[in-house]
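When you read off a place in the sequence shown, starting at 1, and then add 3, the result is the number in this note's numbering.
In what follows, a single structure is set out as structure tokens and then discussed.
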Amino acid sequence: MAHHDERAARDHHQEDRRDQHQERHDRVDQRERERDEEGADEAEENGDAVDLVQAADEAVKHGGKGSRTTPEAPCPRRQTGGNRPRARAFGGRNPPQRAVHSPSRDHNMAASAARSAMWRTMRSVRHRGDLMKLICDRLSLSDALTMASGVVASRTPSPVLLCLKLVARMGPTGGSLEISATDSEIGLVLSVPNVDIKQEGEALIPADKLNQIIRACDDSTVTISVDRTLATISTESSTFKVFGYEPREFPGVRKPGDRVDFEVAAGALRRLIHRTSFATARDDSRYAISGVLVDRKKTQLRLVATDGRRLAVAVGVCKGGEGDTTFIVPTKALNALMRLMVDPEATVRVAREGNQVVFQVGDAGATATLLSTIDERAFPPFEDVIPKEHDRRATCDASELGGAIRRASLLTNEESKGVRLSFGQKQLTLTSRAPEMGESEVRIDGIAYQGEPIDIAFNPTFIMDVLKVIDAEQVVIEMKAPNKPGVIKAGNEFTYVVMPVSLQ
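Take a look at the structure:
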């Protein structure tokens with residue numbers, strides 16, 4: 004009996020100790036709940052709690068293994084305490100050391116630390132004010148916005164695709180503003196250097212309004228500050244407040260890899276695009292002729308475009324490896340690339356990555372990266388279209404020929420949209436006739452001509468288009484027969500094939 008009483012007294016003493024630990028634990032729990040409620044009320048008053056849930060989640064993640072948080076329960080709460088009945092398993096006693104050394108206690112401590120960190124972060128944000136603030140040169144920003152706006156979708160059911168994403172950040176060489184735009188097929192990321200960053204952050208602002216505001220102002224500098232989705236754009240004399248969207252809703256632009264297939268000077272590439280993109284088709288479902296073919300073989304770079312009735316081939320040089328590169332780029336992407344190549348001495352690095360092509364323009368500090376999907380349909384076998392031989396050859400002044408074509412086309416219409424070119428020794432006569440309108444005749448004297456006389460008719464628009472992009476004083480026109488394609492050349496770097504038209 005004495006032994007039994009001694010054992011009962013020992014058990015009673017251990018149970019009293021557990022009760023004391025449990026009471027102490029409950030008091031800590033109560034204090035934490037009161038602190039949580041005070042913090043939640045404070046957050047509700049200031050409207051910052053939703054944005055900082057992630058900070059609490061990160062603290063829990065690094066502080067303990069706890070359960071995954073949800074928007075409904077951003078901070079995990081301890082489920083032990085005086086408001087639940089104490090377990091009486093194991094013969095009517097609590098599990099040994101359960102209340103003192105519970106595995107969930109480390110998680111509860113981490114959760115408490117996370118909540119405290121969250122409230123501290125809220126207070127710092129509240130005192131900090133703007134979530135992004137910068138001051139930059141207005142003209143530099145206006146140029147960048149104009150470039151980026153060319154990529155923004157013109158029609159889309161998604162309003163975020165009508166916006167530009169701005170990211171202000173500090174770097175080793177100073178502050179910069181990164182501007183991103185996409186229409187889901189073309190993506191552009193460009194940087195504006197030498198920006199005074201007051202507060203790093205990001206914003207998503209409608210492109211048209213932002214561009215219009217910056218262009219309309221006449222001050223030298225502009226200040227942009229963003230608080231959540233409200234952007235304030237101010238100068239010395241004007242202030243605008245524009246509603247935007249949450250930056251996380253922007254689909255983003257994929258970061259390209261380090262691969263480079265070839266490099267070309269911006270001025271040279273711009274010239275090649277200018278000489279070919281005008282000849283693309285507006286729309287075609289059979290062949291990929293609504294874009295421009297980029298064909299590189301070692302150090303030779305060719306750009307080719309056609310709409311089925313005319314063909315433009317421009318040739319240049321590049322720096323690249325031994326392999327060949329071929330892809331088709333949409334015209335919209337090339338138009339955006341043209342706006343980026345302001346400095347003709349800048350280097351353009353080109354790489355094909357899967358079904359996308361990447362153009363990187365400029366060097367560190369003022370770079371622009373354009374990504375575009377590739378049209379993977381077949382391009383027509385254009386080399387078979389270019390005539391290999393000719394019987395007649397004329398050399399004309401490009402400016403004089405353009406003026407004569409323009410004057411002769413004044414008396415043409417949709418039913419009779421053609422100008423007849425009559426080549427003879429040292430003379431070219433251009434004539435046109437339209438029912439119920441009249442007729443015209445324009446002569447050019449002093450041309451160099453080889454071969455028998457020939458009469459051949461062309462669509463005047465097709466001739467005027469090519470003469471606008473040829474930056475040469477003299478052009479060569481090669482012909483074989485009135486019903487065969489004519490070829491216009493400017494040196495060895497440009498070839499233009501145009502189909503003749505039939506005149507009644």
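Cβ coordinates follow ideal geometry from the N, Cα and C atoms, glycine included.
Considering only 308, 440, 151 and 428, the residue with the shortest C-alpha distance to residue 386 is 308. Three or more pairs of CB atoms, one per stretch, sit closer than 8 Å, so the segment 489 to 499 contacts the segment 306 to 325.
By the Cβ neighbour-count rule, residue 471 is exposed, with fewer than 16 other Cβ atoms within 10 Å of its own. For the options 363, 296, 384 and 313, the alpha carbon positioned closest to that of residue 503 is the one of 313.
Around the beta-carbon of residue 348, fewer than 16 other beta-carbon atoms lie within 10 Å, marking it exposed. Counted as a single uninterrupted DSSP element, the stretch harbouring residue 504 is not any alpha helix (DSSP H), since DSSP gives it neither H nor E. Taking residue 238 as the centre and dropping the five residues before and after it, the same chain places the C-beta of 220, 222 and 225 closer than 6 Å to its C-beta, in chain order. Residue pairing of residue 373 in beta bridges, as defined by DSSP: 191 and 362.
If you compare the alpha carbons of 490, 272 and 200 with that of residue 390, the shortest gap goes to 490. One alpha carbon belongs to residue 177, the other to residue 332, and they sit about 35 Å apart.
Taking 8 Å as the cut-off, the Cβ atoms of residue 200 and residue 144 do not count as close.
If you compare the alpha carbons of 341, 214 and 329 with that of residue 301, the shortest gap goes to 329.
Beta-bridge analysis with DSSP links residue 235 to 228 and 244. Take residue 232, set aside five residues on each side of it, and the residues of its chain with a beta-carbon closer than 7 Å to its own are 246, 247, 248 and 249, in chain order.
Just so you know, the alpha carbons of residue 458 and residue 488 end up roughly 13 Å apart.
Look at residue 253 here: in three-state DSSP terms it is coil, with no helix or strand label.
For residue 301, the secondary structure class from DSSP, reduced to helix, strand or coil, is coil. Counting C-beta pairs closer than 8 Å gives fewer than three between the segment 281 to 299 and the segment 255 to 263, which falls short of the contact rule. Note that the C-beta distance between residue 353 and residue 377 is not below 8 Å.
Annotation for residue 461: the continuous beta strand (DSSP E) segment containing it runs 457 to 461.
Closest in C-alpha terms to residue 456, from the list 485, 476, 442 and 449, comes 485. The criterion of a C-beta distance shorter than 8 Å is not satisfied by residue 412 and residue 437. The continuous alpha helix (DSSP H) containing residue 215 extends over residues 210 to 219. Between the alpha carbons of residue 203 and residue 273 lies a distance of about 35 Å. Counting every other CB atom within 10 Å of its CB across the protein chains shown gives residue 463 a total of 16 or more, marking it as buried. The Cβ atoms of residue 296 and residue 321 lie no closer than 8 Å to each other.
As the crow flies, the alpha-carbon of residue 399 is around 36 Å from that of residue 381. Annotation: the continuous beta strand (DSSP E) that includes residue 444 extends over 441 to 448. Annotation: the continuous beta strand (DSSP E) that includes residue 178 extends over 177 to 185.
For the set 447, 480, 326 and 370, the Cα lying nearest the Cα of residue 346 is the one of 370. For residue 474, there is no enclosing beta strand (DSSP E), as DSSP marks it with neither H nor E.
The Cβ atoms of residue 216 and residue 166 do not sit closer than 8 Å to each other.
For residue 415, the three-state secondary structure derived from DSSP is coil. Looking at the DSSP output, residue 489 bridges to 501.
At a cut-off of 4 residues, the continuous stretches assigned as alpha helix (DSSP H) that sit fully inside the segment 130 to 159 are 141 to 152.
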